[in-house]
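Every position in the sequence shown, counted from 1, becomes a number in our numbering once 907 is added. In this text, a Cβ means the ideal position worked out from N, Cα and C, and glycines have one as well.
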Amino acid sequence: LKEYVEKSVGIITAVNPHIGYEAAARVAKEAIATGQSVRELCVKNGVLSQEDLELILDPFEMTHPGIAGATLLKKN
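Structural data, given as structure tokens:
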């Protein structure tokens, strides 16, 4: 199940508040074109760290009301 979630481009919606619409759209388009995951591309392109993505893409964070990884937004 986790693999399906990780490969879904739809998880870009959890990342969007952290990187902005334009960067999220670029990552999503590249994910569709290359078959790479959103997580892989965010790290590869230096958009977010693996540590930040662990929090943002945590299943509880993504299904809990509010913004996934909201604590990161408060730090910045």
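{"Check": "Local conformation of residue 971 per DSSP, three classes", "Outcome": "coil"}
{"Check": "Contact with chain B by residue 928, beta-carbon distance below 8 Å", "Outcome": "No chain B is part of this structure, which consists of one protein chain only."}
{"Check": "Buried versus exposed, by CB contacts within 10 Å (16 or more), residue 984", "Outcome": "The structure shown does not extend to residue 984, since the chain spans only 908 to 983, so no value can be given for it."}
{"Check": "C-beta atoms of residue 960 and residue 968 nearer than 8 Å", "Outcome": "no"}
{"Check": "Separation of residue 980 from residue 912, as counted between CA atoms", "Outcome": "23 Å"}
{"Check": "Pick from 916, 908, 982 that is closest to residue 947, judged by C-alpha positions", "Outcome": "916"}
{"Check": "Terminal residues of the alpha helix (DSSP H) in which residue 916 lies", "Outcome": "No alpha helix (DSSP H) contains residue 916, which DSSP labels as neither H nor E."}
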